[in-house]
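These notes concern the structure reproduced below.
There are 4 protein chains.
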Amino acid sequence: MSDEVQEALEKIFSADSEIYQNRGFQRRIGFGKRPALINIDLANAWTRPDNAFSCDHMDVIIPAVQDLLTASRAKNVPVVYTSTAYAVTDGPNSDMGLWHHKIPAELLQLGSEDCEIDDRIAPQSGEQVIYKKRASAFHGTYLAGFLRSLGVDTVIITGVTMAGCVRHTTEDAIAEGFPPDRGSRGRRRPCPRCRRMEPVRHRRQIRGRRAAGPRARLSRSPRGPGRGECTFP
Amino acid sequence: MSDEVQEALEKIFSADSEIYQNRGFQRRIGFGKRPALINIDLANAWTRPDNAFSCDHMDVIIPAVQDLLTASRAKNVPVVYTSTAYAVTDGPNSDMGLWHHKIPAELLQLGSEDCEIDDRIAPQSGEQVIYKKRASAFHGTYLAGFLRSLGVDTVIITGVTMAGCVRHTTEDAIAEGFPPDRGSRGRRRPCPRCRRMEPVRHRRQIRGRRAAGPRARLSRSPRGPGRGECTFP
Amino acid sequence: MSDEVQEALEKIFSADSEIYQNRGFQRRIGFGKRPALINIDLANAWTRPDNAFSCDHMDVIIPAVQDLLTASRAKNVPVVYTSTAYAVTDGPNSDMGLWHHKIPAELLQLGSEDCEIDDRIAPQSGEQVIYKKRASAFHGTYLAGFLRSLGVDTVIITGVTMAGCVRHTTEDAIAEGFPPDRGSRGRRRPCPRCRRMEPVRHRRQIRGRRAAGPRARLSRSPRGPGRGECTFP
Amino acid sequence: MSDEVQEALEKIFSADSEIYQNRGFQRRIGFGKRPALINIDLANAWTRPDNAFSCDHMDVIIPAVQDLLTASRAKNVPVVYTSTAYAVTDGPNSDMGLWHHKIPAELLQLGSEDCEIDDRIAPQSGEQVIYKKRASAFHGTYLAGFLRSLGVDTVIITGVTMAGCVRHTTEDAIAEGFPPDRGSRGRRRPCPRCRRMEPVRHRRQIRGRRAAGPRARLSRSPRGPGRGECTFP
Chain A
40 MSDEVQEALE
50 KIFSADSEIY
60 QNRGFQRRIG
70 FGKRPALINI
80 DLANAWTRPD
90 NAFSCDHMDV
100 IIPAVQDLLT
110 ASRAKNVPVV
120 YTSTAYAVTD
130 GPNSDMGLWH
140 HKIPAELLQL
150 GSEDCEIDDR
160 IAPQSGEQVI
170 YKKRASAFHG
180 TYLAGFLRSL
190 GVDTVIITGV
200 TMAGCVRHTT
210 EDAIAEGFPP
220 DRGSRGRRRP
230 CPRCRRMEPV
240 RHRRQIRGRR
250 AAGPRARLSR
260 SPRGPGRGEC
270 TFP
Chain B
40 MSDEVQEALE
50 KIFSADSEIY
60 QNRGFQRRIG
70 FGKRPALINI
80 DLANAWTRPD
90 NAFSCDHMDV
100 IIPAVQDLLT
110 ASRAKNVPVV
120 YTSTAYAVTD
130 GPNSDMGLWH
140 HKIPAELLQL
150 GSEDCEIDDR
160 IAPQSGEQVI
170 YKKRASAFHG
180 TYLAGFLRSL
190 GVDTVIITGV
200 TMAGCVRHTT
210 EDAIAEGFPP
220 DRGSRGRRRP
230 CPRCRRMEPV
240 RHRRQIRGRR
250 AAGPRARLSR
260 SPRGPGRGEC
270 TFP
Chain C
40 MSDEVQEALE
50 KIFSADSEIY
60 QNRGFQRRIG
70 FGKRPALINI
80 DLANAWTRPD
90 NAFSCDHMDV
100 IIPAVQDLLT
110 ASRAKNVPVV
120 YTSTAYAVTD
130 GPNSDMGLWH
140 HKIPAELLQL
150 GSEDCEIDDR
160 IAPQSGEQVI
170 YKKRASAFHG
180 TYLAGFLRSL
190 GVDTVIITGV
200 TMAGCVRHTT
210 EDAIAEGFPP
220 DRGSRGRRRP
230 CPRCRRMEPV
240 RHRRQIRGRR
250 AAGPRARLSR
260 SPRGPGRGEC
270 TFP
Chain D
40 MSDEVQEALE
50 KIFSADSEIY
60 QNRGFQRRIG
70 FGKRPALINI
80 DLANAWTRPD
90 NAFSCDHMDV
100 IIPAVQDLLT
110 ASRAKNVPVV
120 YTSTAYAVTD
130 GPNSDMGLWH
140 HKIPAELLQL
150 GSEDCEIDDR
160 IAPQSGEQVI
170 YKKRASAFHG
180 TYLAGFLRSL
190 GVDTVIITGV
200 TMAGCVRHTT
210 EDAIAEGFPP
220 DRGSRGRRRP
230 CPRCRRMEPV
240 RHRRQIRGRR
250 AAGPRARLSR
260 SPRGPGRGEC
270 TFP
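Residue numbers (my numbering), protein chains in the order written: chain A, 40 to 272; chain B, 40 to 272; chain C, 40 to 272; chain D, 40 to 272.
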């Protein structure tokens, strides 16, 4: 993204934020006590190059999710992965719904390597992998029922793409009653650097939450941003 | 079921039916033009003996579903199977929800032979197998969205158990707006012979519908009930 | 219900219970800590005579629900009422769905006296009245989202009719992850006396739960069953 | 919106569109044969000034919706309105869910003038008004069931706000299987002139569809854009 575009985006978000603040919006939902980690569509079709669905900035996202997984597993935080995959990608009885009229959903064949979770962040035994058919991880899946029966009250949502599946999942999480945390201090705006992704150092969040320390400290990474990493916030 | 009990059941149903008819209930929903076949939980845990979930009368049900499958495939009627299976059957992060507090859901391990569809009625390529977590085939699954995007307006529901998963699926089908046909000429009452099951000669139904002949004809099976088959209706 | 039929029913339930127990079913789900009270369809069409939907035994049900309401309000337990009502009961754009093809749903006009909650158990300010379109109180309503955002983990379901709306609501409550308590010590079987209803002395339940006393004590009513009341259990 | 910002937005959208087109996205879903009109949150809190929820450009939106209503009613197209309103806006048993932690949902009291549909576009008898609790018109409502039982296969979505309730409704419509048409020739991008709204001359759409004429003709309005109207497209 060019500097020019980034500058424009920041101008737009800043103007919008001011309107909302003046009207009493932009309050904080806060966190609960029983979080779950939801990794959206971090399967090979999205995380590896040369696919119609390939996303950028995996050098940032994969390590961040690895950190999050380590922290979640250490605390027995339930881990859920989603992928999008279809059993029937041809003919009149497909399960692609309307989407293949709009996007190349026919590339996402259930059982193919493309639809499996990236093995750099592989699911472990005891973790859920939900093969969804739609953008939202809640739509047409058992995710809401699963989270509820576990007493989950906060969802930490990572993955791609932010403007599509992550956003719709986040909207549904609010609607369903699970306070969503899309990372990056819950900001509703895309990362100014890697706009379509969910880039943040989620590891810090869990640490920050546990330490109950001041939020400002979240931005000081013990590791420091690596080369090419997203430095936001 | 003893004769005594069957007699009592018929008395109760008959009394109930009279009340409902007098009050203007018991109308007919009728059929649409684009049916789908939904086979509920005809996986080995239910269709084979010696499992906590084993159901009786498979000598009737399996051949009837085989006939239905043949007829459906010949007409490109979408075929859906469900099974009930859990990825995590132990520990605090299980996807069994509340059910394992009530029934031995922990026996239904996702990926096990028990949870696979009975190979006498095996799914073919292009058919959906939905691994659900709850009784209803609609709850927490993409079934409703799948049926709708295909323009399905009638569901033919088979399988087991009738008082549990089949019933809840049928209730949800009505709620969702798909006229359900539980076979047996849409009767709401259990088969007087094999009460908990869904025993009927579904093949006749599709034939009957195609021929648009009088409903009374549905009961004249070209094959005739085999030994041990349910003769209802 | 005649003695003969009641006797038959008890025989059937007893035989079924034995099968289930032998197979490891019939476990107890138990209770949570934050209950809500859900009163199903206790509107005039069901609670008053001479309507196609009229139910019997209101001399038992209304006082029992009055007791439950008093106890719930004293403890700030959230109270929800449902009624079933349709905005458009004629023509092609009705919201009755499929149901009017089966039952006289066209009698349930939104805004009519028939669809309002019986004023003997009138909702108070701060309580929810949900006008549903289907049998289940969860289907096509905000009930699940409402309960979840309040942290409700147990639902106490009363009302009518037991074989229809109460049952479907109970099934969905289990599916959604809210342990349902249909009163009457959570039995899955209809009351042997007033079979289609949900008649029990729910007041005792809340007391019993609070006292954490032995379940057997629940049956000793401080008031004693009045004339014509259901003495079950 | 300043010219500078608008220019930046167009640059961003243009760059994005090129990426998507190169990858085989941006296909057309097309239309069905049985549309319904869904008017999102055109209640006084949004359509009138001096409310925290007030939206701009009502001089464009209200006449456009009036035209759409006239056309829809002439063809017996089902009309649905939504509003967002809460029965309990105070205390622990509120139905506002998480939203009041984020936005001033407590201003939207069910039954208040603010939550009623703007009387310039008042519902007629036989039209549905759905009081939703969440952003999406599908979430926690009977909308999907209603549309399905009517055989609706296309939804025309108007209203406000575009980045919130209209967007989430549109996403859910795709997920549910109803091809959504947010007007403006189905563009996924906000109107360059009145960014957050849904500004288009929907009347032309219905005409265009009826005439089955070339899409280019849709932009020639018989009325011509009035002063201050959105001229997009």
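Heads up, the beta-carbon is just placed ideally off N, CA and C, and yes, glycines get one too.
Since this is a predicted model, take the numbers as computed values, not measurements.
| Check | Outcome |
| --- | --- |
| Residues of chain D with CB closer than 7 Å to the CB of residue 212 (chain B), please, in chain order. | Correct list: empty, because the minimum Cβ distance to chain D is about 11 Å. |
| By how many angstroms is the C-alpha of residue 124 (chain D) removed from the C-alpha of residue 173 (chain D)? | 9 Å |
| Here's a check: name, in chain order, each residue in its chain whose Cβ is nearer than 6 Å to the Cβ of residue 74 (chain A), leaving out the five neighbours to either side. | 116, 193, 195 |
| With a cut-off of 8 Å, do at least 3 Cβ pairs link the stretch 146–156 of chain B to the stretch 197–213 of chain B? | no |
| Answer yes or no: do residue 216 (chain A) and residue 187 (chain C) have a C-beta to C-beta separation smaller than 8 Å? | yes |
| Quick check: what's the CA-CA separation for residue 137 (chain B) versus residue 88 (chain D)? | 49 Å |
| Compute the Euclidean distance between the alpha carbons of residue 95 (chain D) and residue 86 (chain D), then round it to the nearest angstrom. | 8 Å |
| Do residue 139 (chain D) and residue 69 (chain A) have their C-beta atoms within less than 8 Å of each other? | no |
| How would you call residue 61 (chain C), buried or exposed, if buried means at least 16 neighbouring beta carbons within 10 angstroms? | exposed |
| By DSSP, does residue 109 (chain B) sit in helix, in strand, or in coil? | helix |
| Output the distance between the C-alpha atoms of residue 11 (chain A) and residue 58 (chain D), rounded to the nearest integer angstrom. | Because chain A spans 40 through 272 in this model, residue 11 (chain A) falls outside it and cannot be assessed. |
| For residue 42 (chain C), count neighbouring Cβ atoms within 10 angstroms of its own Cβ and tell me buried if that reaches 16, exposed if not. | exposed |
| Tell me the rounded alpha-carbon separation between residue 159 (chain D) and residue 206 (chain D). | 24 Å |
| Check this for me: beta carbons of residue 190 (chain D) and residue 179 (chain C), under 8 Å apart or not? | no |
| Could you check the C-alpha separation between residue 100 (chain C) and residue 142 (chain B) for me, to the nearest Å? | 30 Å |
| Any beta-carbon of chain D closer than 8 Å to the one on residue 225 (chain B)? | Since pLDDT at residue 225 (chain B) reaches only 30, below the 50 mark, its modelled position is unreliable, and no value is offered. |
| Cβ closer than 8 Å: which chain C residues qualify as neighbours of residue 188 (chain A)? | 216 |
| Please identify the residue among C:46, C:54, C:171, C:92 whose C-alpha is closest to the C-alpha of residue 119 (chain C). | C:171 |
| With 16 other CB atoms within 10 Å as the buried threshold, where does residue 131 (chain C) fall? | exposed |
| Taking the DSSP output, what are the residues bridged to residue 75 (chain C)? | C:194 |
| Among C:146, C:134, C:45, C:66, which one has its Cα closest to the Cα of residue 82 (chain C)? | C:146 |
| Would the beta-carbon of residue 108 (chain A) be found less than 7 Å away from any heavy atom of the ligand FMN? | Inclusion of the ligand FMN in the displayed structure is not the case, the ligand content being empty and no account of it being possible. |
| Does any residue of chain A bring its CB to less than 8 Å from the CB of residue 185 (chain B)? | yes |
| Distance, Cα to Cα, residue 161 (chain B) vs residue 45 (chain B)? | 34 Å |
| Thinking C-alpha only, which one of B:154, B:181, B:121, B:163 is nearest residue 91 (chain B)? | B:154 |
| Between which two residues does the alpha helix (DSSP H) harbouring residue 188 (chain A) extend? | 182–188 |
| For residue 125 (chain D), which beta-bridge partners are listed by DSSP? | D:148 |
| Where residue 164 (chain C) and residue 63 (chain D) are concerned, what is the direct C-alpha to C-alpha distance, given to the nearest angstrom? | 55 Å |
| Can you tell me which of the three DSSP states residue 50 (chain B) falls into? | helix |
| What residue does the alpha helix (DSSP H) around residue 213 (chain A) start on, and which one ends it? | 206–215 |
| Name the residue from C:218, C:102, C:134 whose alpha carbon lies nearest to the alpha carbon of residue 169 (chain D). | C:134 |
| Taking a cut of 7 Å between CB atoms, which residues from the stretch 70–81 of chain C lie near chain B? | none |
| Per DSSP, residue 167 (chain B) is paired with what? | B:119 |
| Skipping 5 residues on each side, what residues in its chain have a beta carbon closer than 7 Å to that of residue 126 (chain D)? | 134, 149 |
| Quick one: is residue 47 (chain B) buried, meaning 16 or more other Cβ sit within 10 Å of its Cβ, or exposed? | buried |
| First and last residue of the alpha helix (DSSP H) that includes residue 85 (chain D)? | 83–86 |
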